[in-house]
Amino acid sequence: MLTKEDVEGWNKVFADCQIKQSDLTQPSEGFLVKALVCYTRRFGYKVEPPFPLNGEKVENNKENRLFLIRLARQVDHFLKITDKSYSFTYYELIRPTPKKTSHSLYILLNYLFYYNMYKEEVFKMAHEPIQKFHEIKALIIGQQQENEKRMQDAKVLKMNVDELLKKVPHLRSEHKELSKRNADQEEEKKKLKGQFNELAEKLKHLTEQKRSLLKRVVADEEQQELQKQIESLQADLTQRKELAATNEATLRKLTESVKLMQHLKKEVEKAHDIVPLRLVEQLAETKKQLDRAMEEEDSAHVRQKQLSQIIEEEQQNYDALEQQHQAKKQEFEQKEKTCKAKIESLQRVLKEKDDKMAHIEKQDQALECELKEQQEIAEFLEKNIAIILDHYDGNST
């Protein structure tokens with residue numbers, strides 16, 4: 001039974017559920033439910049009734065009845081901890097009596113005091129095992145999660161391995177095909193290198209030929225010198241023509257003089273018999289002068305012929321030099337055009353070959369990278385397939 005001291009002790013512990021003496025002499029369902037709910041919460045249980053705790057009576061419905069049944073079982077559990085002969089029923093909760101209510105609250109209050117008294121000591125004793133229990137439980141849960149993760153990873157890895165094993169024959173055939181393509185491209189590369197070297201030799205030969213032609217053609221300074229010589233010959237030729245014209249005029253005058261002298265000679269011979277001796281001597285002197293004039297005329301004719309021949313030879317030399325100059329100029333221009341065209345053609349061909357070689361080198365690099373990746377995959381599979389499968393089998397068991 002609850003004494004006055006017990007009631008005071010209850011009120012000190014449960015500030016939100018104060019007990020009056022009238023509550024014990026005439027207990028109601030609402031009072032007892034509120035007291036037991038506060039008591040149960042003291043042990044850390046989450047007890048949330050579906051009805052307010054301030055009423056004298058609890059509404060009779062299914063939800064409330066289920067809550068009260070669970071509450072009665074919990075109180076019965078507390079009482080049986082103290083003594084297994086004690087009991088508490090649902091009926092005693094909804095139809096409380098003063099004696100049973102006081103007796104039950106007295107036992108529960110004493111158990112609470114006992115619990116609070118030995119709680120720290122018991123908790124200290126149980127703390128280490130409980131902590132170990134939680135640690136072991138956490139380790140077990142972690143190990144289980146890790147095992148599940150490993151099993152999942154093993155499944156995924158096995159699927160990946162199976163997928164890779166399925167790809168191995170295709171990769172091998174592709175590897176053979178790529179190797180063959182690589183060999184073909186190497187052969188084509190060698191051919192292109194040979195053609196490139198041949199074109200380089202041709203370009204070198206044409207370059208040397210161009211240098212030779214440039215050496216054979218008259219240089220600009222030599223051409224200017226030759227032009228000066230031609231102009232000098234033209235001036236000399238003009239001067240000689242003028243001199244020839246002057247000599248020709250002089251020769252005509254001499255011819256006329258000779259004709260006049262011959263006529264005078266004949267007249268003198270006719271008049272030789274009738275003219276005085278002094279006049280004959282004068283005529284003889286005139287005859288001598290006439291002979292000398294005729295000799296000079298013959299000499300002038302000879303010089304004129306020589307001069308004409310020299311002029312003709314100079315003219316021929318000039319024409320030959322002019323023709324040779326024009327021919328060499330045309331030949332040089334034609335060969336220069338031909339060489340430029342050949343060089344441009346070779347440069348285009350070499351550029352095409354260089355582009356093709358660069359493209360082939362890029363393809364070779366891509367093929368080498370792809371072959372290397374496939375070899376690494378194949379080596380990885382060959383080295384680790386057994387380990388992966390063993391690991392998967394071990395995780396499965």
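Note that UniProt numbering has the sequence shown beginning at 1, numbered continuously upward. Here a beta-carbon is modelled for each residue, glycine too, at the ideal position from N, C-alpha and C.
**Asked** Under the rule that 16 or more other beta-carbon atoms within 10 Å means buried, what is Thr207, buried or exposed?
**Response** Sequence index remark: in the sequence shown, residue 207 carries index 207 (1-based). Exposed, by the Cβ-count rule.
Fill in: Residue burial classification, Lys34 (beta-carbon count within 10 angstroms, cutoff 16)
Working through the sequence shown from its first residue, we reach residue 34 at position 34. With 16 or more Cβ atoms within 10 Å of its Cβ, Lys34 is classed as buried.
| Pro169 (DSSP reduced to helix, strand or coil) | Residue mapping note: residue 169 aligns to position 169 of the sequence shown, counting from 1. Here Pro169 sits in helix by DSSP.
Please report the straight-line C-alpha distance between Glu344 and Lys335, rounded to a whole angstrom.
Against the sequence shown, residue 344 aligns to sequence position 344. Against the sequence shown, residue 335 aligns to sequence position 335. Each residue's Cα considered, the two are about 14 Å apart.
For the region 236 to 243 and the region 311 to 324, state whether three or more C-beta atom pairs, one from each stretch, are separated by less than 8 Å. yes
Margin query: Taking 7 Å as the cut-off, is the C-beta of Lys155 nearer than that to any heavy atom in the ligand GDP?
Written below: With respect to small molecules bound, the structure shown includes none, and the ligand GDP cannot be examined in it.
**Report entry** Span of the alpha helix (DSSP H), counted from its first residue to its last, around Tyr90
**Finding:** To locate residue 90, count along the sequence shown from 1; it is residue 90. Looking at the DSSP string, the run of the alpha helix (DSSP H) that includes Tyr90 is 90 to 94.
Checklist entry - Just reading off the alpha helix (DSSP H) that Asn11 is part of, what are its end residues? => result Indexing the sequence shown from 1 puts residue 11 at position 11. Unbroken alpha helix (DSSP H) run through Asn11: 4 to 13.
| Is the beta carbon of Lys241 sitting closer than 8 Å to the one on Ile311? | The count along the sequence shown starts at 1 and reaches residue 241 at position 241. The count along the sequence shown starts at 1 and reaches residue 311 at position 311. Yes.
(message) Applying the 10 Å Cβ sphere with the 16-neighbour rule, what's the burial state of Ala183?
(response) Here residue 183 refers to the residue found at position 183 when the sequence shown is read from its first residue. By the neighbour-count rule (16 or more Cβ atoms within 10 Å), Ala183 is not buried but exposed.
**OP:** Could you check what DSSP says for Thr97 in three-state terms: helix, strand or coil?
**Re:** Numbered from its first residue, the sequence shown carries residue 97 at position 97. Coil.
Is the shortest distance between the beta-carbon of Pro52 and the beta-carbons of chain B less than 8 Å? Structure shown: chain B not included; a single protein chain is present.
Margin query: Under DSSP, the alpha helix (DSSP H) around Val37 begins and ends at which residues?
Written below: On the sequence shown, position 37 is the one that residue 37 refers to. Run containing Val37: 29 to 42, per the alpha helix (DSSP H) assignment.
Practice prompt. Taking only the alpha-carbon atoms, compute the straight-line gap between Lys191 and Lys158 and give it to the nearest angstrom.
Written response: If you number the sequence shown from 1, residue 191 lands on position 191. If you number the sequence shown from 1, residue 158 lands on position 158. Looking at the two C-alpha atoms, the distance is approximately 47 Å.
Could you tell me the alpha carbon to alpha carbon distance between Thr250 and Glu295, rounded to whole angstroms? Translated into the one-based positions of the sequence shown, residue 250 becomes position 250. Translated into the one-based positions of the sequence shown, residue 295 becomes position 295. Whole-angstrom Cα-Cα distance: 14 Å.
Going by DSSP, what residue range makes up the alpha helix (DSSP H) through Ile19? Within the sequence shown, the letter at position 19 stands for residue 19. Careful: Ile19 lies outside any alpha helix (DSSP H) and carries neither H nor E.
Using a 10 Å radius around the Cβ and a threshold of 16 neighbouring Cβ atoms, would you call Leu66 buried or exposed? Taking the first residue of the sequence shown as 1, we reach residue 66 at position 66. Exposed, since its Cβ has fewer than 16 Cβ neighbours within 10 Å.
Below 8 Å on the Cβ atoms is my contact criterion, and I expect Tyr106 with Asp6 to pass it. Report the Cβ-Cβ distance as a whole number of Å.
Here the question's residue 106 lines up with position 106 in the sequence shown. Here the question's residue 6 lines up with position 6 in the sequence shown. Right, their Cβ atoms sit about 6 Å apart.
Legend entry - Backbone secondary structure at Phe137 - three-state DSSP: Here residue 137 corresponds to residue number 137 of the sequence shown, with the count starting at 1. Phe is not the amino acid found at residue 137; the sequence shown has Lys there. Lys137: helix per DSSP, three-state reduction.
request  = Could you tell me how far apart the beta carbons of Leu24 and Pro98 are, in whole angstroms, since I believe they sit closer than 8 Å?
outcome  = As a working note, residue 24 is residue 24 in the sequence shown. As a working note, residue 98 is residue 98 in the sequence shown. So it is a contact: roughly 6 Å between Cβ atoms.
_Three-pair Cβ contact test at 8 Å for the region 70 to 78 versus the region 27 to 43_ = yes
N- and C-terminal bounds of the alpha helix (DSSP H) containing Val75: Within the sequence shown, numbered from 1, the residue matching residue 75 stands at position 75. 62 to 82 is the extent of the alpha helix (DSSP H) around Val75.
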